[in-house]
Amino acid sequence: MSDVVSGPLAHRPVGGSRAGKNRAASFGLDASVLVALLAASSAPTPLYPLYQDQWGLSALAVTVVFSAYSLALLSALLTTGGLSDRLGRRPVLAGALGAQAVAMVLLASADGAGSLTAARLLQGVATGAATSAAGAALLDLESPRHPGRSALTNTIAPVAGMAAGVLVSTLLVRFAPAPTVTVYALMAALFAAQAIAVTFTTETVARRAGALRSLRPRLGVPPAVRRTLLTTGTAIVAIWALGGFYSSLGPALVRLVAPNAPQAALGMVFFTLSAAAALTMWVLRRADPLTTAIGGCLCVLPAAVLTLSGLYGVGLPSVHGGAALAGVAFGAVSQGVLRMLLASLDERYRAATLAAYYVLSYLSMSLPAVAAGAATQHYGLRTTSHAYAAVAALLAAAALTALAVSRTRTRPRSSPRNRPLR
Numbered sequence: 357m358s359d360v361v362s363g364p365l366a367h368r369p370v371g372g373s374r375a376g377k378n379r380a381a382s383f384g385l386d387a388s389v390l391v392a393l394l395a396a397s398s399a400p401t402p403l404y405p406l407y408q409d410q411w412g413l414s415a416l417a418v419t420v421v422f423s424a425y426s427l428a429l430l431s432a433l434l435t436t437g438g439l440s441d442r443l444g445r446r447p448v449l450a451g452a453l454g455a456q457a458v459a460m461v462l463l464a465s466a467d468g469a470g471s472l473t474a475a476r477l478l479q480g481v482a483t484g485a486a487t488s489a490a491g492a493a494l495l496d497l498e499s500p501r502h503p504g505r506s507a508l509t510n511t512i513a514p515v516a517g518m519a520a521g522v523l524v525s526t527l528l529v530r531f532a533p534a535p536t537v538t539v540y541a542l543m544a545a546l547f548a549a550q551a552i553a554v555t556f557t558t559e560t561v562a563r564r565a566g567a568l569r570s571l572r573p574r575l576g577v578p579p580a581v582r583r584t585l586l587t588t589g590t591a592i593v594a595i596w597a598l599g600g601f602y603s604s605l606g607p608a609l610v611r612l613v614a615p616n617a618p619q620a621a622l623g624m625v626f627f628t629l630s631a632a633a634a635l636t637m638w639v640l641r642r643a644d645p646l647t648t649a650i651g652g653c654l655c656v657l658p659a660a661v662l663t664l665s666g667l668y669g670v671g672l673p674s675v676h677g678g679a680a681l682a683g684v685a686f687g688a689v690s691q692g693v694l695r696m697l698l699a700s701l702d703e704r705y706r707a708a709t710l711a712a713y714y715v716l717s718y719l720s721m722s723l724p725a726v727a728a729g730a731a732t733q734h735y736g737l738r739t740t741s742h743a744y745a746a747v748a749a750l751l752a753a754a755a756l757t758a759l760a761v762s763r764t765r766t767r768p769r770s771s772p773r774n775r776p777l778r
């Protein structure tokens, strides 16, 4: 394409030596943006039981609200996923964070399923626009002294944010007088501050033509990573579908297993998953990415079995143990796959490739969750949980086959994708 800028000019800090001085601060801010975005996405999880009690929402309604966010995010990724590659990281991030602050205000004022869904739709659009831009900015700011740090941050920051969002929201449910307002008010203030701060950071992309044309819905996967995405796609589907179950129906499962559990404890099962995922990513940061992904797939079946055992008298410890093991699977597969995708990626396609990854991820998280919510209406949560676990296990088995075949075809060698993350 004639308007593509290649080489060092396309992705170097704009603004000379002065811009170079705040690269570390820019990196920290971009990482905090990812954390905050995903914290806001998971914050409603402990609040769903409150919404159900106040408004009489069904399990299907909860999963529809949950999936409205994911599907809106997907739409934004398909349209704005590559926008920051052409318009610049700063304007996209500032605008998206401003919209995110507005979404938090709407969530705080929601008074029913309709207004809650509308607010989650706006939140999804804002998150989709910001996620790929912030992730790509982190890659742009990679330091030669810390190889792999950007990829590691791209994997750990989102799950750390999900864990933080659930934890803070759970604490507010327990101690705040109006948790469905307080949590969103705090997030709105944070996003407004980040939107202002982003305007003072290092711009890493030279503006180029084609911004409007890039908004056409499309999913661009560079040829260099297509084979990797095809090989790892089933693994991505398996672990994100599992995460969607714990995020949307986890509180209901806890209530089924332990009817007398305190209200604040209902959302903690997803915190267990997210925290275990973040810890796994950190521990395995120097491991071979393909081996890491294979190990993660191996954890899916025992995670499902351990969680389901809670329905047979074992109780909450098994549910949380299964969630922790599911978090290990989530962290291992996510880290391994992203490292393989980003290992030798051309700088021009960073945001678009991250967008493609998140499109597949959030489709895998939202659509099965909606199906599970509908199934719960007809067959009950117990039966639905068994069916969901069986499907996740089958997907993990298929992913293991694909990854094992890929491993036999790949001769071990020293390459960027095997470079340890620091």
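Read left to right, the sequence shown gives residues 357 to 778 (my numbering). For every residue, glycine included, the Cβ atom is placed at its ideal position computed from N, Cα and C. Remember, it's a predicted structure, so these values are computed and weren't measured experimentally.
For T436, the uninterrupted alpha helix (DSSP H) segment begins and ends at 415 to 436. Distance from the CA atom of G623 to the CA atom of P405, rounded to whole angstroms, is 9 Å.
Going by beta carbons, G683 and A631 fall inside the 8 Å limit. For S690, the enclosing alpha helix (DSSP H) has its first and last residue at 672 to 698. Taking all protein chains in view, the Cβ of W411 is surrounded by fewer than 16 other Cβ atoms within 10 Å, so the residue is classified as exposed. Going by beta carbons, F422 and L523 fall outside the 8 Å limit.
Taking each of L453, L586, P645, A633 in turn and checking the Cα distance to A685, the smallest one comes out for A633.
From the listed residues V448, L598, S398, Y425, the smallest Cα separation to A659 is found for L598. In this structure A541 touches A464 by the C-beta definition: roughly 6 Å separates them, less than 8 Å. Rounded to whole angstroms, the separation of the alpha carbons of Y602 and L662 is 13 Å. DSSP places D644 in the coil class of the three-state scheme, outside both helix and strand.
If you check the CB distance, V613 and L667 come in under 8 Å. Per the coordinates, the alpha-carbon of P535 lies some 37 Å from the alpha-carbon of T709. For A688, the closest of T647, V715, A725 by C-alpha to C-alpha distance is T647.
The three-state reading of DSSP puts P579 in helix, counting H, G and I together.
Ranking S382, T587, A457, P447 by CA distance to the CA of S397 puts A457 first.
Annotation for L449: V389, A486, A489, A490, V554 place their beta carbon closer than 7 Å to its own, counting only its chain and skipping 5 residues before and after. When rounded, the separation of the alpha-carbon atoms in S426 and S722 is 6 Å.
Judged by DSSP secondary structure, P658 falls within the alpha helix (DSSP H) whose first and last residues are 656 to 664.
With 16 or more neighbouring CB atoms inside 10 Å of its own CB, Y713 falls in the buried class. Note that the C-beta distance between L759 and I650 is below 8 Å.
Shortest Cα-Cα distance from M543 to any of L439, A474, P400 involves P400. In this structure, S382 places its C-beta atom within 8 Å of the C-beta atom of T558. Annotation for A553: the continuous alpha helix (DSSP H) segment containing it runs 535 to 554. Per the coordinates, the alpha-carbon of A428 lies some 25 Å from the alpha-carbon of L698. In the three-state DSSP reduction, N616 falls in the coil class, being neither helix nor strand. Taking every protein chain shown into account, the CB of G521 has 16 or more other CB atoms within 10 angstroms, so this residue is buried. The continuous alpha helix (DSSP H) containing R446 extends over residues 445 to 464. Rounded to whole angstroms, Y407 and A725 show a C-alpha spacing of 18 Å. Here P514 carries a helix assignment [DSSP, helix/strand/coil]. When secondary structure is reduced to three states using DSSP, R564 falls in the coil class, being assigned neither helix nor strand.
One Cα belongs to P673, the other to L605, and the distance between them is close to 17 Å. Where D386 is concerned, the enclosing alpha helix (DSSP H) starts and stops at 379 to 398. DSSP places L622 in the coil class of the three-state scheme, outside both helix and strand. DSSP, read as helix, strand or coil, puts R501 in coil. Annotation: Y668 is outside any alpha helix (DSSP H) and is labelled neither H nor E by DSSP.
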